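Engineer:
2 protein chains.
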Amino acid sequence: MLIKHLVIIGVGLIGGSLARRLRQEKVVQRITGVGRGKANLEKAVELGVIDAWTHSVSEAISDADMVVICVPMGAYATVFQGMANTLAEHAVVTDAGSTKQYAIDLAEKHLPKSAQFVAGHPIAGTEHSGVEASFSSLYQDHYCLITPTSSNSDKAVSAVKDMWKHTGAKVICMPPDEHDLLLASVSHLPHLAAYALVNAVRKSALDAKQPFQFAAGGFRDFTRIASSSPQMWCDIAQSNQAALLQKMDALIAEMQAMRQNIADGNVQALYDDFTQAKQARDLWLAEHGEKH
Amino acid sequence: MLIKHLVIIGVGLIGGSLARRLRQEKVVQRITGVGRGKANLEKAVELGVIDAWTHSVSEAISDADMVVICVPMGAYATVFQGMANTLAEHAVVTDAGSTKQYAIDLAEKHLPKSAQFVAGHPIAGTEHSGVEASFSSLYQDHYCLITPTSSNSDKAVSAVKDMWKHTGAKVICMPPDEHDLLLASVSHLPHLAAYALVNAVRKSALDAKQPFQFAAGGFRDFTRIASSSPQMWCDIAQSNQAALLQKMDALIAEMQAMRQNIADGNVQALYDDFTQAKQARDLWLAEHGEKH
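Written out as C-alpha cells, the structure reads:
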C-alpha cells in the first residue's frame, strides 16, 4: 500500500498521530494538512508531521488519493461542502468522528454520487489536543471501527482498512447503526450521566451548603469526564440522537428499578444488581482496562 | 485530653488508623480492639496498634471511657445490643459509619437512656482494608463530620470532637439529616449511578456483542466505584433510604430533562447544562480535588 497524496483535515491529536505513524511506516508520499489555525499548521510542518498546509479544503483535496476528516463533528457539513466540487474520481474519503450514521448522511447529502466515503472511528485519544500532543503510537492496539455501507466499493473499504492497520490498530468492520448504539452505551451515555450527576449535586446546594466540599475520590473519578468539552458533547448528542435516546431511557429505567428496590427494602435484588455490575466491571478491567 | 481506656470495635483501616494516630499523639493510655477475625486482631497487637483484644463487645467496653464503632453498618444492631448491659455511666460512644440518622436511631433503640452516643463520620479511606492497611495520617486534613443531637451532653460532644482533632482532621458539626442528604449527593448517589450505568451497558449486549470490549478510559474512571463492595452499598442504601430516594429522584429528573433536550434538538440548553457541570466540576477539582 502506498498513499501518494494524503490530506488530513484537522491536524490535531487525532490527525497528527495518524500522519506521524503513516509516515513512519513509509506508506505515504506526501501529506497536506488543512485547518483554521495557522500557528498549529506551521507547527505541524516544523515537526515534520505534514509537508504543506492550506486553509482551503477544496484546494487541498483536488489531487488527493486519501482524505481523512479529523475535525469536530459540528464542522462536517462545512467540510463536505468544501469537497463537493474538487474531489477526484479515484479519491477515498474517511473520518475519525464519534458517530457514524450522521457522518454518512452528511456525505451523501453533500458529496457527488460517485464519491467513496468510508466512515471510520479510531477509539483512542488523550486529554491533550493540538498537533504537539500527537504521537505515532496513539492507535497501537486500540480498536478502529470501520462502518462501510452498500454504496462503498470493496477497493475503497480495503484502502481505509489497510491505512488503519498500518497504525497498529485492531480494525473491525460493523454496520453504522450498530456502531452508534455501541458507542452510545460505552462512551456517550457515561459522559451524559457524568454531566447529569454533577448538575444534580450542584443543585443540591439548596439543602446543604457547598455539597462539593465534602466530595471524595470516588466523586473525582466518576465525574472526570464531566470536565470534557461541552461543545464536543453537544455535537455528539445531536449527531447520535436516536441511539442516545434509547440508551438514556435504558439508564433511566435501570435507576428507576434501583430506586424502587431501595424504597421497597428489597435488599436481595439490590445485592444481586450491585454484584452483577461489579463482576461485569471487574471482568472488563481484567480483560481490557489496563491498556486504557 | 487523655483517654484512659479506648475501645475500637472493628480494627481495620478506619479503626486501626484512628488508634495509631491517637497513640502517636499520646492522648490514649490503653487500647482494646474488638473483632471477629483472630488473625487480624493478633496482627493489630503485633503492630502495636492495640494493647489487647477480645471477641466480646460487652466484655471489652465494661471499663471503657471512649468506644468507637468502626464496623460495617449492617453490624451496628448487634454491636449496640452487645453494649447495652455493660456500658459505664461516664463512657462516650461514637462511630465512623457513612450514614448518621440510622446509627442514632439504633443507638436509641438498644442503648440505655443515659448513654452518650455522639455519631461521627470521618470522610477518608483507601481501597485497602484490614489493620495492615492502616496508617496514622489517614485523617490528616480530611473532614470529619460530627452530628450531635439534643440528647448529647456538651461534654460528650467535646470529647468526640477533641479526639478527631487529634487525628489532624477538620472537624465540623452538623445535624444528622443534613449530613445524610449531603453524603447521599456526593457519595452514595455516584456509587448507585455507577452500578446502574454498568448494568445498563451490560444489558445492551442484546443489540451489540460484547459492548464492554470497546469501552475506553472514560468508562474505566466513571465506573471505578462500581467495583466497590456490594454488601457495603446495600447497607448504605438501606441505612440512608429517605435521603437516597430524594437524590435518586433528582438525578432521574436531571437525566429526563437532558433526554428531552436531546429529543427536541435544544442545543443551547444542552450546551448550558454541560458547561455548568464542567465549571462546577473544574472548580471542585481546583479547590478540593487534589488532596483526594
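These protein sequence lines are chains A and B, in that order. Just so we're aligned: the first sequence equals residues 10 to 301 in the numbering used here. Just so we're aligned: the second sequence equals residues 10 to 301 in the numbering used here. The beta-carbon is built from N, C-alpha and C at its ideal position, and this holds for glycine as well. The structure presented is a predicted model; accordingly, all values stated were derived computationally and were not measured.
Can you pull the chain B neighbours of residue 260 of chain A, defined as C-beta to C-beta under 8 Å?
Structural biologist: For the purposes of this step, residue 260 of chain A is taken as the residue at position 251 of the first sequence. In chain order: 205, 206, 209, 264.
Engineer: Can you tell me where the beta strand (DSSP E) holding residue 104 of chain B begins and where it ends?
Structural biologist: Within the second sequence, numbered from 1, the residue matching residue 104 of chain B stands at position 95. Where residue 104 of chain B is concerned, the enclosing beta strand (DSSP E) stretches over 101-104.
Engineer: One question on the structure: do residue 359 of chain A and residue 280 of chain B come within less than 8 Å of each other, judged by their Cβ atoms?
Structural biologist: What the structure shows of chain A is the stretch from 10 to 301, and residue 359 of chain A is not part of that stretch, so it cannot be assessed.
Engineer: Given a cut-off of 8 Å, decide if residue 20 of chain B and residue 101 of chain B are closer than it, judged by their beta-carbon atoms.
Structural biologist: Here residue 101 of chain B refers to the residue found at position 92 when the second sequence is read from its first residue. Here residue 20 of chain B refers to the residue found at position 11 when the second sequence is read from its first residue. Cβ atoms of residue 101 of chain B and residue 20 of chain B: not closer than 8 Å.
Engineer: Go through the segment 133-159 of chain A residue by residue and report every complete run of the beta strand (DSSP E) that reaches 3 residues or more, in order.
Structural biologist: Fully enclosed beta strand (DSSP E) runs of 3 or longer: 152-156.
Engineer: If you compare alpha carbons, which of A/114, A/137, A/136 is closest to residue 127 of chain A?
Structural biologist: For the purposes of this step, residue 127 of chain A is taken as the residue at position 118 of the first sequence. The candidate whose alpha carbon is nearest that of residue 127 of chain A is A/114.
Engineer: Let me know the secondary structure DSSP gives residue 5 of chain B once reduced to three states.
Structural biologist: Beyond the ends of chain B as shown, which are 10 and 301, falls residue 5 of chain B; an answer cannot be given.
Engineer: Determine, for residue 179 of chain A, whether the minimum Cβ-Cβ distance to residues of chain B falls below 8 Å.
Structural biologist: Against the first sequence, residue 179 of chain A aligns to sequence position 170. Judged by the 8 Å Cβ criterion, residue 179 of chain A is not in contact with chain B.
Engineer: Using beta carbons (cut-off 8 Å, strictly below), is residue 82 of chain B in contact with chain A?
Structural biologist: In the second sequence, counting from the first residue as 1, residue 82 of chain B sits at position 73. False, the Cβ-Cβ gap to chain A never drops below 8 Å.
Engineer: When the Cβ atoms of the segment 192-207 of chain A are set against those of the segment 167-175 of chain B, are three or more pairs found closer than 8 Å?
Structural biologist: Not touching, per the Cβ criterion.
Engineer: Residue 89 of chain B lies in the alpha helix (DSSP H); which residues open and close that run?
Structural biologist: Working through the second sequence from its first residue, we reach residue 89 of chain B at position 80. 85-92 is the extent of the alpha helix (DSSP H) around residue 89 of chain B.
Engineer: Determine the direct distance from the alpha carbon of residue 233 of chain B to that of residue 211 of chain B, and round the result to whole angstroms.
Structural biologist: Position 202 of the second sequence, counting from 1, holds the residue named residue 211 of chain B. Position 224 of the second sequence, counting from 1, holds the residue named residue 233 of chain B. Those two C-alpha atoms are separated by around 15 Å.
Engineer: Find out if the Cβ-Cβ distance for the pair residue 153 of chain A, residue 175 of chain A is shorter than 8 Å.
Structural biologist: Here the question's residue 153 of chain A lines up with position 144 in the first sequence. Here the question's residue 175 of chain A lines up with position 166 in the first sequence. Contact flag unset, no.
Engineer: Residues in its own chain within less than 6 Å of residue 48 of chain B by CB, not counting five upstream and five downstream?
Structural biologist: Position 39 of the second sequence, counting from 1, holds the residue named residue 48 of chain B. Counting only Cβ-Cβ distances below 6 Å, and skipping sequence neighbours, we find nothing.
Engineer: Thinking just about the alpha-carbon of each residue, which of A/138, A/35, A/123, A/73 is nearest to the one in residue 24 of chain A?
Structural biologist: Counting from 1 along the first sequence, the entry for residue 24 of chain A is found at position 15. Looking at the Cα atoms, A/138 is the closest of the given residues.
Engineer: In angstroms, rounded to a whole number, what distance separates the CA positions of residue 86 of chain A and residue 119 of chain A?
Structural biologist: Position 77 of the first sequence, counting from 1, holds the residue named residue 86 of chain A. Position 110 of the first sequence, counting from 1, holds the residue named residue 119 of chain A. About 8 Å.
Engineer: What does the Cβ neighbour count give for residue 272 of chain A, buried or exposed, with the cut at 16 atoms within 10 Å?
Structural biologist: Position 263 of the first sequence, counting from 1, holds the residue named residue 272 of chain A. Exposed.
Engineer: How about residue 165 of chain B and residue 147 of chain B: do their beta carbons lie closer than 8 Å?
Structural biologist: For the purposes of this step, residue 165 of chain B is identified with residue 156 of the second sequence, where counting begins at 1. For the purposes of this step, residue 147 of chain B is identified with residue 138 of the second sequence, where counting begins at 1. No, they are not a contact pair.
Engineer: Who are residue 37 of chain B's beta bridge partners in DSSP?
Structural biologist: Position 28 of the second sequence, counting from 1, holds the residue named residue 37 of chain B. The partner list for residue 37 of chain B (beta bridge, DSSP) reads B/12.
Engineer: Considering Cα atoms alone, identify which of A/185, A/201, A/163, A/111 is closest to residue 125 of chain A.
Structural biologist: Position 116 of the first sequence holds residue 125 of chain A. Of the candidates A/185, A/201, A/163, A/111, the one whose C-alpha sits nearest the C-alpha of residue 125 of chain A is A/163.
Engineer: Exposed or buried, residue 72 of chain B, counting other C-beta atoms within 10 Å across all chains shown (16 or more means buried)?
Structural biologist: The residue you call residue 72 of chain B lines up with position 63 of the second sequence. With fewer than 16 Cβ atoms within 10 Å of its Cβ, residue 72 of chain B is classed as exposed.
Engineer: Tell me which residues share the same chain as residue 121 of chain B and place their Cβ nearer than 8 Å to its Cβ, disregarding the 5 neighbours each side in the sequence.
Structural biologist: What you label residue 121 of chain B is simply residue 112 of the second sequence in a count that begins at 1. Answer for residue 121 of chain B: 93, 96, listed in chain order.
Engineer: Check each candidate in A/283, A/76, A/187, A/261 and name the one with the smallest Cα separation from residue 158 of chain A.
Structural biologist: Translated into the one-based positions of the first sequence, residue 158 of chain A becomes position 149. Residue A/187 is the option with its Cα nearest to residue 158 of chain A.
Engineer: Indicate whether at least one CB of chain A lies closer than 8 Å to the CB of residue 194 of chain B.
Structural biologist: As a working mapping, residue 194 of chain B is identified with position 185 in the second sequence. Cβ-Cβ to chain A under 8 Å: yes for residue 194 of chain B.
Engineer: Taking the alpha-carbon positions, what's the residue 17 of chain A to residue 249 of chain A distance?
Structural biologist: Indexing the first sequence from 1 puts residue 17 of chain A at position 8. Indexing the first sequence from 1 puts residue 249 of chain A at position 240. Rounded to whole angstroms, residue 17 of chain A to residue 249 of chain A spans 24 Å at the Cα level.
Engineer: When DSSP builds the beta bridges, which residues end up paired with residue 76 of chain A?
Structural biologist: As a position in the first sequence, residue 76 of chain A is number 67, starting the count at 1. Partner(s): A/16, A/102.
Engineer: With distances taken between CB atoms, is the gap from residue 202 of chain A to residue 260 of chain A smaller than 8 Å?
Structural biologist: On the first sequence, position 193 is the one that residue 202 of chain A refers to. On the first sequence, position 251 is the one that residue 260 of chain A refers to. Contact: yes.
Engineer: For residue 224 of chain B, which of helix, strand or coil comes out of DSSP?
Structural biologist: As a working note, residue 224 of chain B is residue 215 in the second sequence. Of the three classes helix, strand and coil, the one that applies to residue 224 of chain B here is coil, per DSSP.
Engineer: Contact criterion: CB-CB distance below 8 Å. Does residue 293 of chain A meet it with respect to chain B?
Structural biologist: Against the first sequence, residue 293 of chain A aligns to sequence position 284. Yes, because at least one Cβ of chain B sits closer than 8 Å to the Cβ of residue 293 of chain A.
Engineer: Taking Cβ positions only, does residue 85 of chain B come closer than 8 Å to chain A?
Structural biologist: Looking up residue 85 of chain B in the second sequence gives position 76. By this cut-off, residue 85 of chain B is not an interface position.
Engineer: So, is the C-beta of residue 108 of chain A closer than 8 Å to a C-beta in chain B?
Structural biologist: On the first sequence, residue 108 of chain A is found 99 positions in, with the first residue counted as 1. Cβ-Cβ to chain B under 8 Å: no for residue 108 of chain A.
Engineer: Please work out which residues of its chain come closer than 8 Å, Cβ to Cβ, to residue 58 of chain B, disregarding the five sequence neighbours upstream and downstream, and give them in chain order.
Structural biologist: Counting from one through the second sequence, the residue named residue 58 of chain B turns up at place 49. Contacts found: 20, 25, 28, 29, 32, 40, 42, 140, 143.
Engineer: Any idea if residue 10 of chain A is buried or exposed, counting beta-carbon neighbours within 10 angstroms, 16 or more meaning buried?
Structural biologist: Walking along the first sequence from the start, residue 10 of chain A turns up at place 1. Residue 10 of chain A is exposed by the Cβ-count criterion.
Engineer: Under a Cβ-count criterion, where at least 16 other Cβ atoms within 10 Å of its own Cβ denotes burial, should residue 300 of chain B be classed as buried or exposed?
Structural biologist: Position 291 of the second sequence, counted from the start, is the residue given in the question as residue 300 of chain B. Confidence at residue 300 of chain B is low in this model, with a pLDDT of 48, below 50, so the placement of that residue is unreliable and no value is reported for it.
Engineer: Closest to residue 224 of chain A by CA distance: which of B/296, B/282, B/269 is it?
Structural biologist: Along the first sequence, one-based indexing puts residue 224 of chain A at 215. Nearest of B/296, B/282, B/269 to residue 224 of chain A, Cα basis: B/296.
Engineer: Within 10 angstroms of its Cβ, does residue 123 of chain A collect 16 or more other Cβ (buried), or is it exposed?
Structural biologist: For the purposes of this step, residue 123 of chain A is taken as residue 114 along the first sequence, with counting starting at 1. Classification for residue 123 of chain A: exposed.
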